[in-house]
Amino acid sequence: MLTRHQQKALNLSCHLSVTANAGSGKTTVLARRYLDILLQMNVQVENVVAITFTEKAAGELSQRITSEVADKIAEVQSEHEKRRNSGTADRLDRLAHIRQELPSANISTIHAFCARILRQFPVEAGVDAAFTTAGTLDSARIADDALQRTFSTFTVEVAEKKERVFDTLRAVGRPATEEILRLALKKRVLLDRLVDAGMFEKTDDELLAMWEEAAARELAGQLSPHRGLFDGVVSLAVEAGALTHLLEKLFSGEESLRDRCAAIIDLGDRLLVKSWGKGREKEFKKGIVKGNADITRFAGVLGSLRGLARASDLDRHHVEAYARHLRVLIELYGALRHTYEELKEEENALDYEDLLVKTLALLREHPEIRRRLSEQYRFIMVDEYQDTDRLQYEILRPLLDEFKRGNLFIVGDPKQSIFGFRNANVAVFNSTKQEMAAAVGRSSSAGKNTTVEDEERGMLTLPDSFRLLSDILVFVNELFRDLLHDEENGVRYDELVKGRQNDDRGSVELLLVPDDSGENKEDETPGESSVSITQEEAVARRILLLVDEKATVFEKGKGARGEIPRPVRFGDVAILLRSRARLGFLEEAMKAHNIPYVVSSGVGFYQTQEIYDFANYLRFLLNPADDVALAGILRSPFFTLSDAELYTVVQRVGTGTLFDKLKTSAAVPGAPAAVKTAVECLGSDLERAGKLPIPLLVQRILLQTGWLGVIAGSPRGDQNNANIVKLLRLAREFEGRSFVNLFDFVERLNELIEKEPEEGQAAVVESRNAVQILTIHAAKGIEFPVVILPYLNEPRPRDRLPLIDEDLGIGFSVIGHAGPEREAEKVTVPVVEVMKLRMQRRSAEEEKRIFYVATTRAKDHLILTARNRRVVQGSPFDWIVRRFPEFLALPPKGPLVETRIRRLLPDGTGEEEVPYMLRVKCLDARRLEALPHEGGAPPSAAFPNDIHDEPITGQIRGEFFSATQIQLFARSRRQFMESYRTGMLPESRVLPVVERAAAKGGDESDDVFEPIDPARRGTIIHSVLSRVRSKDDLANLAAIVRSVVNREEIGREERLLRLGEEIRSEISALLRGEFAKAILGAEEIFTEYTIASALGDDFAVGIVDRLMKDPSLGWWILDYKTDDVSHERDLKAFAEDRYGVQMKCYAYLLRRLHPEQLEVRTVLWFLRRNSEPVAFVFDAAHLDEWEGELSSLIAQMKEMILSGLPSEG
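Pasting the structure below:
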């Protein structure tokens, strides 16, 4: 049964815009409206268009419509059996026809819809009807080619033009210029509007005047809401009277922009600390600054204006230089755009933007086609309209003949517009809504309230939420009522009305973790400061307690049974992340507590093991002599040969390929069944590889090898299977482009594996009982019984240059000359600071909407986690404590908030508003009991590539001393001090141990002593080896080397290719040795791994090249060295002298990490004498004794650094 609000959205007589609150049932309305159009308006399926934001949403809407049709058929069938009249029979026939036509329904994304129109009118649109759609990777590849051709063209231009380009490249920088031009291509619709409007043809005076006016307008807009705040804060200053004139100047409309900006600088420098991050205590009355929210907000406002204020003091020639370089960039963009279009035409490809732009041009330039399409598409419905943009709206208008014909229905929620990075513009929702209302043309009547007036003009709201229980709904209303108020973009907060007929309150919980920043120590309860817990640990413990306590969640009952309570399961819990920055640590906590989990909607599809395995299989079918690919296949789920079985095959007497040896092994009496099966399947597939279509070949491999059965019981089995289904779909698409050659498909797959890390993994339809971890963006449109939102102290991501502003152009920094007395400096001119402010304002508003989306995913329980008392301005925790300051008090049962709740009456005909007492439970994470999970479900196997074997506790307080530094100090005090004084001390800035250090590459000490070329070569070799983690990676060695070498600014492409081939050949030979086989077959492996241990107030740190686990030896360390040690020299003696202390330090750290090991083995592998690994074995007693010597060495190092004098040695 539909509510009265939902019923109004089924009005088919006029254009309608519907604002749908979270959980309001808009998909139900869309499906019901679609069916009503077909049944009531005498139109066919082909006359109705439904546009969704994603392909997944299109599929879901199609399924919902199909269900509506089936339900309607059952209803009419039942009625027909009772009445047996012609009316019901006709309706049944009509419904049967609709069901038959639904597979061809126009339900798709806007891009698919436009592609269909272009293929319908290819000649008029100026495209080939057989065009392909270039994906992200192909578009980037074509753009890169176009960019290189554009620069090559300009280098042979006439001297004057060439010099202008070179001048801009010097001022902006070649990498920055390329980044600007790539961004210009992506945002070409916005930039083309400015070009067409003649913006860049203005004179310097005209541009400067326009920019100054924009800066003054922006400054006034930024300051106007804060006059009261500024007056209040200045009144608290010691010299308040002396600052009053600055306020008058700042808020006066008569002062120049430069004078007002000078007042900002004066205020900030007087009242704030050097960073402008907080108040300067001596400038305010005693005890005022600490904890004063107004001073913190004052600092935030001034801080945001600091860039503009400083830029306004720049000389005019800086701005003129910016204008000059801007014109050159526009000229380069024009040439790039032309080349880009030519290259796409050569490949008969259109990118996603082309689909929209060319469709709009077709509609504008061909009135007859516009009329035909307008008659064909009589009803248009657009879902998630808050995430559309101006271009998409401009396509809809001509289809509706500027609202003179047809019927447009848009539905969305501006509060949930969170895809700005995809060009979504929330303001379009409001402007479209207003234009639709004007087209409806009904004038308001006197005495009518706003809601009635809006409804008469076709502007509806679905306020009822059928998702949230009472506590969550009231909390969301209280928090966002004043927070979500963006007049500029037409975003207002529409109260959630409780539509869910369940009297349970649900719960909202604030889980507070002690702040480890060292602040607010006086506020701690005695004895609590020693208790350390991370947010990840707190989340894991809370999940276990939820399950242990059998917290109640609800599921829908069958028929009219309403909702049925049951105990919470792991699969009911979702952890939603703003970013993936700390995903690895979260996964580590899940593992440590044996909590089953799955990372949903993950990226890196082409880098998953199952895709690697299939790529290896296909490579082998192309080239049976590819031993590396075959080795990967044999150890994979295809044939599951053990290492011992594979070793036996490899050691088989005789020459030939690995496949030859495999066939020989299979013929030996008593050969393992897996070997025989592999030979049989591979031989059969080799015979058919060139004859079968690629999708059938992939399916044959699945059936022949039993791959599905092998992975079925694995922790990631569901995800593995879904990814292979997606691979099959891609294979069909590839075949559909008339590319049926296996070689081409494998080449394409190799390219995607190497260059497309952002492709999303396939969605898993039904996951096992496991906690879901996903981003907030991926959770859009989904709901969960329990939602956990961690890291609420984190500030919003920073916006950076370059950027493109729809009104002001391109924002970038330039190297400007500050004058004869000063060196050249990189500056941003005032208009660029204005662009940054505009972007920051939009981003800040979007962050609020992102948090709203996150909180409204929860059905029954919402858990928020943050570090207590660490309030970062503009963070979700800041918004929470500003609205609920009492939450920081941590009372046992949580604070009570007196408020009201609106709820839907049980019959759905109206609402009531009643008093409500909101209770939010505040928990101190230190008091959560750690409960190990004893359930049978294993943790996910989807572990991160680099994690610590077990958590390292302790806080960072003292100095860090790396094993390399300690080694250098032990060998030569004088060299140590020389390195320290010149800033060349290895690893002088080591990251805290709770973060994995980025791969440094190269021997740490070699960076100090070796000539630059060998050291750089060593760096590249180390970087490549860190990426070769197992035998499977050998198949991708060329791609790995190419990826690493291309990042080095070494020289021309020829040199890069030559160096890459040399290094690939060198490493390939290195990894064919017996010792390499041992390290590539390790049970567990971590590369570039940081180990640290506290020693008193300081820390010893080691970054080891490879940490591995052997079944018999336990954990052991391998370190590469690129020293050129002659064969005449005793390698063991050299290693002991040069690296003995470093190895002992590594062994000590590993022993601290794994105290259960009685012996620790470290191995030095000199790559130029790779057949002679040098092993060091240390027993536990030796390492325990050495701790004192290590502490002494560190104390001596600190003393020498303080004194500045090296001792002899």
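To convert, count from 1 in the sequence shown and add 6; that's this note's numbering.
Where is the CB? At the ideal position from N, CA and C, for every residue including glycine.
Item, Value
"What residue range does the beta strand (DSSP E) around L413 cover?", "Before going on, a small fix: residue 413 reads as Asn here, not Leu. Segment N413 to G418, the beta strand (DSSP E) holding N413."
"Taking DSSP as the reference, what is the three-state secondary structure of V887?", "helix"
"Runs of 3 residues minimum, wholly inside the stretch 847 to 890: which ones carry the beta strand (DSSP E) assignment?", "864 to 873"
"Under 8 angstroms by Cβ, that's how I've got V545 and I581 pegged, so tell me the actual separation to the nearest angstrom.", "7 angstroms"
"Select from A15, G132, E441 and A269 the residue whose C-alpha is nearest the C-alpha of E371.", "G132"
"Who are the near neighbours of R848 in its chain, counting only those whose CB is closer than 7 angstroms to its CB and skipping five residues on each side?", "G426"
"My understanding is that D319 touches N27, with C-beta atoms under 8 angstroms, so please give their C-beta distance in whole angstroms.", "With a Cβ gap of about 48 angstroms, D319 and N27 do not count as contacting."
"Can you say whether N1108 is buried or exposed, counting buried as having 16 or more other CB atoms within 10 angstroms of its CB?", "For clarity, residue 1108 is Gly in the given sequence; the question names Asn instead. By the neighbour-count rule (16 or more Cβ atoms within 10 Å), G1108 is buried."
"For a quick check, are the C-beta atoms of E224 and L843 less than 8 angstroms apart?", "yes"
"Tell me the DSSP secondary structure of N112 in three-state form.", "strand"
"Based on Cα-Cα distance, which residue from A37, K1037 and E85 lies nearest to E66?", "A37"
"Grab the span of the alpha helix (DSSP H) containing P181 for me, first residue to last.", "R180 to K192"
"With DSSP collapsed to three states, give me the class of Q422.", "helix"
"Going by beta carbon distance, what residues of the same chain come within less than 8 angstroms of L628, once the five residues before and after it are set aside?", "A695, L748, F749 and V752"
"At 4 residues or longer, what runs of the alpha helix (DSSP H) sit wholly inside the stretch 116 to 150?", "116 to 126 and 128 to 131"
"On a CA-only basis, which of A433, F435, V434 and G464 is nearest A444? Give me that one, please.", "G464"
"Check P573 in the structure and name its three-state DSSP category.", "strand"
"Restricting to runs no shorter than 3 residues, where is the beta strand (DSSP E) found entirely within the stretch 29 to 105?", "54 to 58"
"Comparing alpha-carbon positions, which option in I113, T139, S110 and A111 lies nearest L124?", "T139"
"Report the CB separation of A776 from F576 in whole angstroms; it is logged as a contact under 8 angstroms.", "6 angstroms"
"Quick check on DSSP: helix, strand or coil for W282?", "coil"
"In whole angstroms, what is the alpha-carbon distance linking G942 and T862?", "Because G942 carries a pLDDT of 39, less than 50, the predicted location of this residue cannot be relied on, and the following value inherits that uncertainty. G942 and T862: Cα-Cα distance of roughly 32 angstroms."
"Can you give the beta carbon distance from L3 to K78, rounded, assuming they're within the 8 angstroms contact cut?", "In this structure the chain extends from 7 to 1215, so residue 3 is not present and cannot be described."
"Going by C-alpha to C-alpha distance, which of S606, V840, Q615 and D884 sits closest to A1041?", "Q615"
"Quick check on the burial criterion: 16 or more other C-beta atoms within 10 angstroms. Buried or exposed for A672?", "buried"
"In whole angstroms, give me the CA-to-CA distance for A165 and R802.", "46 angstroms"
"Going by DSSP, what residue range makes up the alpha helix (DSSP H) through L332?", "R322 to E352"
"If distances are taken between C-alpha atoms only, which option among E245, I270, V877 and L242 comes closest to E254?", "I270"
"Assign E515 to one of three DSSP states: helix, strand, or coil.", "strand"
"Starting from the C-beta of N483, find all residues in its chain whose C-beta is less than 7 angstroms away, skip the five residues before and the five after it, and write them out in chain order.", "E501 and L502"
"Let me make sure I understand the geometry here. Which of V837, N600, R933 and Q1148 has the alpha-carbon closest to that of R977?", "Q1148"
"Just reading off the alpha helix (DSSP H) that R276 is part of, what are its end residues?", "L263 to L277"
"Take L397 and list the residues in its own chain whose beta-carbon comes closer than 6 angstroms to its own, dropping the five residues that flank it on each side.", "V195 and L362"
"Ends of the alpha helix (DSSP H) at S258?", "No alpha helix (DSSP H) contains S258, which DSSP labels as neither H nor E."
"Measuring only the C-alpha atoms, how far is L1196 from H1133?", "33 angstroms"
"Just tell me which of D930, Q83, V574 and S114 has its CA closest to the CA of L870.", "D930"
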